[in-house]
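In what follows, a single structure is set out as structure tokens and then discussed.
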Amino acid sequence: MKAEAGNSGFCVRPTRCAALLIAGCALLVHVAPRSALAQPAGTQPTLLQRQQDVRQRLQELESRMTLLARVLAESEPDKADRLRTATDLCGQKQIKRRLDDIVLLVKSGDYSAAERAQGELLADLEEILQQLQDTGSDFDRKRAERERLERLKRGIQSLMQQQLEQLYRTQAAAPDGELARRLREQADALEGLAERQAELLKQATGAEQQELADSTEQQAGELDKLRQQTDQAEVAAALEQSAGETQDSAAKMRAASERLEAQEDAEAGLDQQAAEEQLRRTVRRLREQAQRLAERAKVHELEQQQRALAQRAGGLEKELSPKPGKAGLGTPGQRQVGNAQRSMQKAAERLAEQRVRAAEPEEEAALEQLQRALDELDDALRQVRREELEETLTALDARFKSMLARQRQIRDDVSALHEKAPRGWQRPDQLKLSETAQTQRAVAADCADVARILVSEGTTVLLPELTGDLARNMEDIADRLDQSDTGVQTQRRIAEVLAALEEVVGAIEVRRKQELQNMLQPPDQDGQGGRQSLLPESVELMLLRSAQVRINQRTADLSADSAASPEAAAELARLAARQRRLVEIARQMNERK
Numbered sequence: 034m035k036a037e038a039g040n041s042g043f044c045v046r047p048t049r050c051a052a053l054l055i056a057g058c059a060l061l062v063h064v065a066p067r068s069a070l071a072q073p074a075g076t077q078p079t080l081l082q083r084q085q086d087v088r089q090r091l092q093e094l095e096s097r098m099t100l101l102a103r104v105l106a107e108s109e110p111d112k113a114d115r116l117r118t119a120t121d122l123c124g125q126k127q128i129k130r131r132l133d134d135i136v137l138l139v140k141s142g143d144y145s146a147a148e149r150a151q152g153e154l155l156a157d158l159e160e161i162l163q164q165l166q167d168t169g170s171d172f173d174r175k176r177a178e179r180e181r182l183e184r185l186k187r188g189i190q191s192l193m194q195q196q197l198e199q200l201y202r203t204q205a206a207a208p209d210g211e212l213a214r215r216l217r218e219q220a221d222a223l224e225g226l227a228e229r230q231a232e233l234l235k236q237a238t239g240a241e242q243q244e245l246a247d248s249t250e251q252q253a254g255e256l257d258k259l260r261q262q263t264d265q266a267e268v269a270a271a272l273e274q275s276a277g278e279t280q281d282s283a284a285k286m287r288a289a290s291e292r293l294e295a296q297e298d299a300e301a302g303l304d305q306q307a308a309e310e311q312l313r314r315t316v317r318r319l320r321e322q323a324q325r326l327a328e329r330a331k332v333h334e335l336e337q338q339q340r341a342l343a344q345r346a347g348g349l350e351k352e353l354s355p356k357p358g359k360a361g362l363g364t365p366g367q368r369q370v371g372n373a374q375r376s377m378q379k380a381a382e383r384l385a386e387q388r389v390r391a392a393e394p395e396e397e398a399a400l401e402q403l404q405r406a407l408d409e410l411d412d413a414l415r416q417v418r419r420e421e422l423e424e425t426l427t428a429l430d431a432r433f434k435s436m437l438a439r440q441r442q443i444r445d446d447v448s449a450l451h452e453k454a455p456r457g458w459q460r461p462d463q464l465k466l467s468e469t470a471q472t473q474r475a476v477a478a479d480c481a482d483v484a485r486i487l488v489s490e491g492t493t494v495l496l497p498e499l500t501g502d503l504a505r506n507m508e509d510i511a512d513r514l515d516q517s518d519t520g521v522q523t524q525r526r527i528a529e530v531l532a533a534l535e536e537v538v539g540a541i542e543v544r545r546k547q548e549l550q551n552m553l554q555p556p557d558q559d560g561q562g563g564r565q566s567l568l569p570e571s572v573e574l575m576l577l578r579s580a581q582v583r584i585n586q587r588t589a590d591l592s593a594d595s596a597a598s599p600e601a602a603a604e605l606a607r608l609a610a611r612q613r614r615l616v617e618i619a620r621q622m623n624e625r626k
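Mapping to the numbering used here: the sequence shown position 471 is 504, numbers consecutive.
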């Protein structure tokens, strides 16, 4: 318990020292210039001494932080990491050198420059203080990063699925959409011929009219070719009629050309006007048919859907980008998602132009880029999961070993007290018993805290239950010690707790060795697409078997006692509840396979 209190004190002291250091610097920032101006000669030594005192405090603080990081490395690795990070920040920001520079500035009387340097130093010291006060462990940050990457991966997978469905819809709409586009092209060509005929109606030569007739006849041939290429009866009929009308318009134009050559302008004008009107009727028919095909293909709807997907891809790219003010290349996959967004935008533009076939390659390119982004994100996620698992195993190893060491001390203390017998206890023995009970409750609280972490971690079914059961057993031992019970039953329960702790520590060590071997293998040999379980199935089965053996042994011990007591009945009820829970855990483990 004393060691615990000591460690707790160690965690507070560096933060307080840093706060005092910052307060001292802040005081100098506000006081130094005014004091210097008021008493330039008299205050300089005092001010210089104060600045030198700040430097001395920093030197002492860094030494303490380095020492405390070593002390806390085993029992509280997260706090040790914060101390080491803060010490590293002091070095990176060259705090000592800058304090020396400020001392020289104060000594030389350059208080304005000293004030500026103090302000910059104060900001950096506040950053270091924030690092010391940061309660979020590296494990928490790893988990947050893993959850962020998993969320982004789900977003990309969802976007890929929607883009794939968009491609299927585009491919299904392509025949109608492409035919509608070609009908519009034919209509545009005929409309151009009609406009040219309207111009020639005002003034034309026979040669010009003949040239227009040839172009119109050629366009009639294009309509007939398109009719032969389509397998839609309704469209084929419309094209056949349009080709015939266009051919008829060409014939009227030739007649007009002959009359113009014969200088029969009035009769030629009638033929020209009839040809123009017929062309315009054909144009309307083709445009109506194209509109019906486009509506059936839902090209406009496809365009809107593609634009929405492009917008969503843009949002994902922003999420993958580095945060403002932070250096970095962004999250893996950012560039590919950006490429996918641009391909989606091009596809939407092709659809807006009614070029459905031309949109397909862009949509396929977007899917390819999204798959590449997913591959890069998977690689990053695999690495983060490994790091998180290692952080978790390291933290659990330290916590369980700390509990094991304290539990062994409790065993030794209880055994020593029992050998004296309660009647022989003196005041120091009573105090020792009380301290041991408090230590046991502290270990139980730590164990319960670990159990909650394991439940939150969520990849193992058995370990949270075993840890929670250990915490309850520890509380029961503490209750017995509060009642001055150091007898055989209490010592037996302590032995059971120790055995369980040793098994858990051994299981974690086995898992860490396996993970080290996995890290030496290529990523594709890992065999794990998602999060790895905290403990492998073989280790969980070993722990399950040990828990069952302890229940069996305890049941046998109670059965051997001939005298049935209320305490024995309560213990049997507790064992029955544990047995039911183990059966349920075994069922869950089997279903998880």
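Note that beta-carbon positions come from the ideal geometry of N, C-alpha and C, so glycine has one too.
None of the values given here were measured: they were computed from a predicted structure.
Worksheet item: If we call anything under 8 Å between Cβ atoms a contact, is L615 one with A580?
Response: yes
Worksheet entry | C-alpha distance - Q324 paired with A205, whole-angstrom precision | 17 Å
Practice prompt. Report buried or exposed for R432, applying the criterion of at least 16 other Cβ atoms within 10 angstroms of its Cβ.
Written response: buried
Fill in: Proximal residues to D446 (C-beta, below 7 Å), its chain only, five neighbours per side dropped
K465, T469
Fill in: Bounding residues of the alpha helix (DSSP H) (the contiguous stretch that carries G19)
Limits of the chain in this structure are 34 at one end and 626 at the other, which puts residue 19 out of reach.
Worksheet item: Does the distance from the C-beta atom of A276 to that of L245 stay below 8 Å?
Response: no
Discussion item. Can you look up Q561 in the DSSP assignment and give me helix, strand or coil?
Written reply: Legend: pLDDT at Q561 = 44, less than 50; position of this residue unreliable, value from coordinates given subsequently. Q561 falls in the coil class under three-state DSSP.
Worksheet item: Taking only runs of the beta strand (DSSP E) that begin and end inside the region 114 to 175, which ones reach a length of at least 3 residues, in chain order?
Response: none
Worksheet item: So what's L567 in DSSP terms, helix, strand or just coil?
Response: coil
Discussion item. For a minimum of 4 consecutive residues, which ranges assigned as the alpha helix (DSSP H) are wholly contained in the region 194 to 227?
Written reply: none
Worksheet item: In terms of residues, what are the limits of the alpha helix (DSSP H) holding E297?
Response: No alpha helix (DSSP H) holds E297; DSSP gives it neither H nor E.
Worksheet item: Roughly how many angstroms lie between the CA atoms of E153 and N506, to the nearest whole one?
Response: 54 Å
Worksheet item: Under a Cβ-count criterion, where at least 16 other Cβ atoms within 10 Å of its own Cβ denotes burial, should V521 be classed as buried or exposed?
Response: exposed
Worksheet item: Using CA coordinates, which residue listed in A301, A270, W458, T263 is at the minimum distance from A237?
Response: A301
Worksheet item: From E490 to Q374, what distance separates their C-alpha atoms?
Response: 35 Å
Fill in: Per-residue burial, E93 [other beta carbons within 10 Å of its own, 16 or more giving buried]
exposed
Discussion item. Below 7 Å, is the gap between the Cβ of A237 and the nearest heavy atom of the ligand FAD?
Written reply: The ligand FAD is not among the ligands present in this structure, which contains no ligands whatsoever.
Worksheet entry | Cβ-based burial, Y144 [other Cβ within 10 Å; buried from 16] | buried
Discussion item. Relative to the C-alpha of G366, which candidate in L212, R229, P461, A399 has its C-alpha closest?
Written reply: A399
Fill in: Stretch-stretch touch, CB-based, cutoff 8 Å, three pairs: the region 387 to 399 with the region 207 to 218
yes
Item to complete: Taking the CB atoms as reference points, tell me whether T492 and S566 lie closer together than 8 Å.
Response: yes
Item to complete: Go to D502, then tell me how far its alpha helix (DSSP H) extends in each direction, as first and last residue.
Response: 495 to 515
Worksheet entry | Rounded separation between L293 and E396 - CA only | 55 Å
Worksheet item: Around the C-beta of Q82, are 16 or more other C-beta atoms found within 10 angstroms, so that it is buried, or is it exposed?
Response: exposed
Worksheet item: Excluding sequence positions up to five away, which residues of its chain have a Cβ less than 7 Å from the Cβ of R176?
Response: E421
Worksheet entry | Collapsed DSSP secondary structure at K434 in the structure displayed | helix
Item to complete: Grab the span of the alpha helix (DSSP H) containing P461 for me, first residue to last.
Response: 460 to 490
Worksheet item: Under 8 Å, do T203 and A392 count as touching if we go by C-beta distance?
Response: yes
Worksheet item: Counting only beta-carbon atoms, is A147 nearer than 8 Å to chain B?
Response: The chain inventory of the structure shown lacks chain B, comprising one protein chain alone.
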